[in-house]
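*Asks:*
Number of protein chains: 2
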Amino acid sequence: MKYLIAEDELDLQQSIVTYLQRDGNICEVASDFGEASEKAAIYDYDVIILDINLVTGSGLDVLKTLKKEKKRAGVIIISANNSLTDKLEGLDLGADDYITKPFHLAELNSRINAVLRRGKYGGDEIMEFNEIKIDTKSRTAYIDGKAMALTRKEYDLLVFFISNKGRVLSKEIIAEHLWGDDSDLLDNFDFIYVHINNLRKKLTAEGAKYIKTAYGSGYKFIED
Amino acid sequence: MKYLIAEDELDLQQSIVTYLQRDGNICEVASDFGEASEKAAIYDYDVIILDINLVTGSGLDVLKTLKKEKKRAGVIIISANNSLTDKLEGLDLGADDYITKPFHLAELNSRINAVLRRGKYGGDEIMEFNEIKIDTKSRTAYIDGKAMALTRKEYDLLVFFISNKGRVLSKEIIAEHLWGDDSDLLDNFDFIYVHINNLRKKLTAEGAKYIKTAYGSGYKFIED
DNA sequence: ATTTCGTCTTTAGAATATATTTAGAATCAA
DNA sequence: TTGATTCTAAATATATTCTAAAGACGAAAT
Numbered sequence: 048m049k050y051l052i053a054e055d056e057l058d059l060q061q062s063i064v065t066y067l068q069r070d071g072n073i074c075e076v077a078s079d080f081g082e083a084s085e086k087a088a089i090y091d092y093d094v095i096i097l098d099i100n101l102v103t104g105s106g107l108d109v110l111k112t113l114k115k116e117k118k119r120a121g122v123i124i125i126s127a128n129n130s131l132t133d134k135l136e137g138l139d140l141g142a143d144d145y146i147t148k149p150f151h152l153a154e155l156n157s158r159i160n161a162v163l164r165r166g167k168y169g170g171d172e173i174m175e176f177n178e179i180k181i182d183t184k185s186r187t188a189y190i191d192g193k194a195m196a197l198t199r200k201e202y203d204l205l206v207f208f209i210s211n212k213g214r215v216l217s218k219e220i221i222a223e224h225l226w227g228d229d230s231d232l233l234d235n236f237d238f239i240y241v242h243i244n245n246l247r248k249k250l251t252a253e254g255a256k257y258i259k260t261a262y263g264s265g266y267k268f269i270e271d
Numbered sequence: 048m049k050y051l052i053a054e055d056e057l058d059l060q061q062s063i064v065t066y067l068q069r070d071g072n073i074c075e076v077a078s079d080f081g082e083a084s085e086k087a088a089i090y091d092y093d094v095i096i097l098d099i100n101l102v103t104g105s106g107l108d109v110l111k112t113l114k115k116e117k118k119r120a121g122v123i124i125i126s127a128n129n130s131l132t133d134k135l136e137g138l139d140l141g142a143d144d145y146i147t148k149p150f151h152l153a154e155l156n157s158r159i160n161a162v163l164r165r166g167k168y169g170g171d172e173i174m175e176f177n178e179i180k181i182d183t184k185s186r187t188a189y190i191d192g193k194a195m196a197l198t199r200k201e202y203d204l205l206v207f208f209i210s211n212k213g214r215v216l217s218k219e220i221i222a223e224h225l226w227g228d229d230s231d232l233l234d235n236f237d238f239i240y241v242h243i244n245n246l247r248k249k250l251t252a253e254g255a256k257y258i259k260t261a262y263g264s265g266y267k268f269i270e271d
């Protein structure tokens with residue numbers, strides 16, 4: 048695998064490089080944003096490890112470059128502290144995962160593996176739909192950067208919708224996915240109405256009207 | 048350097064010893080957990096290579112001994128399978144790295160070098176979360192510079208939370224990591240409530256309300 | 001356009017599931 | 001043995017999920 052490590056703390060940079068090279072990986076480094084952006088634009092990396100608190104420039108630039116150049120590198124953001132805003136920033140930047148300092152190299156390693164594994168299966172750590180962002184790690188959904196207070200079923204429902212956005216989901220399918228073979232319930236699906244309603248309320252409270260009723264067939268999550 | 052190789056597959060054990068001795072290292076071996084624990088407690092090793100699938104005893108014991116005796120040996124776990132839980136468990140147990148069978152000796156060697164090199168950064172010395180600092184060497188947690196009087200379980204719980212900050216940890220996962228496969232307990236998880244409660248009390252006594260309940264899913268350690 | 005019927009929405013609250021807290025018994029370590 | 005720690009058990013508290021029922025809406029038939 049080929050990595051770009053954009054980190055200006057040189058001993059940390061070196062630790063990561065050594066750790067990754069140990070497994071036969073190819074590493075390139077960047078110590079400031081200019082260098083990081085440039086390399087990210089030109090070369091194809093499998094994973095980019097990006098410290099958003101580099102002294103020069105803005106982390107957005109590097110990620111924008113990646114999007115513009117349609118680079119498919121997985122991005123793991125290193126952030127110095129774990130405040131909510133930083134985390135949200137991480138989500139906004141479109142990173143695949145984030146890790147907060149200080150961390151164990153082995154922990155970084157398992158995140159890298161998760162990101163690489165994901166490329167194949169597509170199970171994202173962070174999901175997005177317009178102003179809605181879901182951090183599956185903390186099981187928290189954000190709307191316009193604000194954490195939503197969702198119950199477990201509401202959260203599961205939202206995740207299911209977003210991972211099937213645009214597709215009509217029948218009550219049967221939804222029930223099967225959220226309740227499994229709990230056959231007591233599967234006679235009627237009235238309870239779905241209630242959960243849909245509750246989730247809708249919380250979404251529309253923030254101005255998001257994404258759950259459309261497909262009369263007679265189900266629901267779909269889609270732009271107005 | 049001085050090594051302890053705790054491995055009961057004798058030809059593998061011998062291979063490792065020969066490989067390391069060729070570079071002028073001192074090696075001692077142990078073929079069961081009793082021997083490994085005893086030697087680990089008495090002698091000072093730079094690196095301990097520990098097969099967690101030894102037939103006798105529990106891998107926890109050796110690592111617990113190391114913690115109790117405040118031994119600073121780096122630990123590399125050899126594990127027979129490579130499931131994620133095993134990996135995480137290994138890290139949680141305080142190991143510095145892990146390697147899964149089968150492996151090339153050269154790979155083991157580079158892991159050893161990484162572990163030796165590490166000490167520097169990310170060495171498992173100090174963990175931090177806002178005003179909380181944990182000195183893993185002395186197993187002491189400080190809050191605003193003040194040492195907290197934590198019991199073992201409370202300390203372990205706090206470390207587990209902070210090393211997985213932001214992530215929802217189910218009671219099952221917590222139990223698995225703090226109690227291992229002690230299957231007597233794993234039927235119900237009520238005792239978790241008590242430890243959470245106790246830890247919370249001690250944290251909130253200092254104004255830190257970081258343990259959030261994720262109703263129905265678990266707990267997470269996170270900014271308010 | 002009106003009726004009709006099946007489908008969906010909405011609400012309130014009952015039932016259930018989950019979490020907190022306390023006290024004390026059992027266990028462990030010094 | 002003693003004191004600290006850990007676990008058990010039970011009460012209390014809280015949150016979620018489901019049921020039920022009344023009304024609104026959509027679509028097809030008249």
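Chains as they are written, first to last, in our numbering: chain P, 48 to 271; chain A, 48 to 271.
All C-beta atoms in this analysis are idealised placements derived from N, C-alpha and C, irrespective of residue type, glycine included.
Remember, it's a predicted structure, so these values are computed and weren't measured experimentally.
(1) In chain order, what residues of the same chain lie with their CB nearer than 6 Å to the CB of A/Ala83, ignoring the 5 residues before and after it?
(2) Comparing C-alpha positions only, which one of P/Leu205, P/His224, P/Glu270 and P/Asp144 sits nearest to P/Arg247?
(3) So, helix, strand or coil for A/Asp98, using DSSP?
(4) Please state if the CB of A/Ile123 and the CB of A/Ala142 are separated by a distance shorter than 8 Å.
(5) Tell me which same chain residues have a C-beta within less than 7 Å of the C-beta of P/Ala276, skipping the five on either side of it?
(6) What did DSSP end up calling P/Leu51 once you bin it into helix, strand or coil?
(7) Is it the case that the stretch 250-262 of chain P contacts the stretch 54-64 of chain A, given that we only count it when at least three CB pairs across the two stretches are under 8 Å?
(8) Would a check of beta-carbon distances place A/Met195 closer than 8 Å to chain P?
(9) Return no unless some Cβ of chain A is closer than 8 Å to the Cβ of P/Ser126.
(10) Excluding the five sequence neighbours on either side, which residues of its own chain have a C-beta within less than 7 Å of the C-beta of P/Asp98, listed in chain order?
(11) Measuring alpha carbon to alpha carbon, tell me which residue in P/Leu197, P/Val94, P/Thr251 and P/Gly265 is nearest P/Ala161.
(12) Would you give the residue range spanned by the alpha helix (DSSP H) that P/Tyr240 belongs to?
(13) With 8 Å set as the bound, which would you pick, yes or no: does the beta-carbon of P/Lys180 sit closer than that to a beta-carbon of chain A?
(14) Between A/Gly192 and chain P, is the shortest Cβ-Cβ distance under 8 Å, so that the two count as touching?
(15) Enumerate in chain order the residues of its own chain whose CB-to-CB distance from P/Lys278 is below 7 Å, with the five nearest sequence positions on each side excluded.
(16) Nearest by alpha-carbon distance to P/Gln68: which of P/Gly213, P/Tyr145, P/Asp91 and P/Leu152 is it?
(17) What's the call for P/Tyr145, buried or exposed, on a 16-neighbour Cβ count within 10 Å?
(18) Name, please, each residue of chain P whose Cβ falls closer than 8 Å to the Cβ of A/Val215.
(19) Please confirm whether A/Tyr264 has its beta-carbon closer than 8 Å to some beta-carbon of chain P.
(20) Which residue marks the beginning of the alpha helix (DSSP H) containing A/Thr65, and which one marks its end?
(21) Thinking just about the alpha-carbon of each residue, which of P/Ile96, P/Lys49 and P/Asn72 is nearest to the one in P/Gln60?
(22) Can you name the residues of chain P whose CB is closer than 8 Å to the CB of A/Ala255?
(23) Against chain A, which members of the stretch 199-210 of chain P pass a CB distance test of less than 9 Å?
(24) Taking the alpha-carbon positions, what's the A/Met195 to A/Asn244 distance?
(25) Could you tell me how far apart the beta carbons of A/Phe150 and A/Ile209 are, in whole angstroms, since I believe they sit closer than 8 Å?
*Replies:* Put simply:
(1) Ala53, Ala77 and Val109
(2) P/Leu205
(3) strand
(4) yes
(5) No information on residue 276 of chain P is available, as it lies outside the stretch 48 to 271 that chain P covers here.
(6) strand
(7) no
(8) no
(9) no
(10) Ala53, Glu54, Asp55 and Ile125
(11) P/Val94
(12) Asp237 to Thr251
(13) no
(14) no
(15) Outside the shown range of chain P, which is 48 to 271, sits residue 278 of chain P, and nothing can be said about it.
(16) P/Leu152
(17) buried
(18) Lys184, Ser185 and Arg186
(19) Sequence check: residue 264 of chain A is Ser here, not Tyr. Answer yes: the Cβ-Cβ gap between A/Ser264 and chain P drops below 8 Å somewhere.
(20) Leu57 to Gln68
(21) P/Ile96
(22) Per Cβ cutoff of 8 Å: no residues; A/Ala255 is ~13 Å from chain P at best.
(23) Arg199, Lys200 and Tyr202
(24) 15 Å
(25) Wrong, their Cβ atoms sit about 31 Å apart, outside the cutoff.
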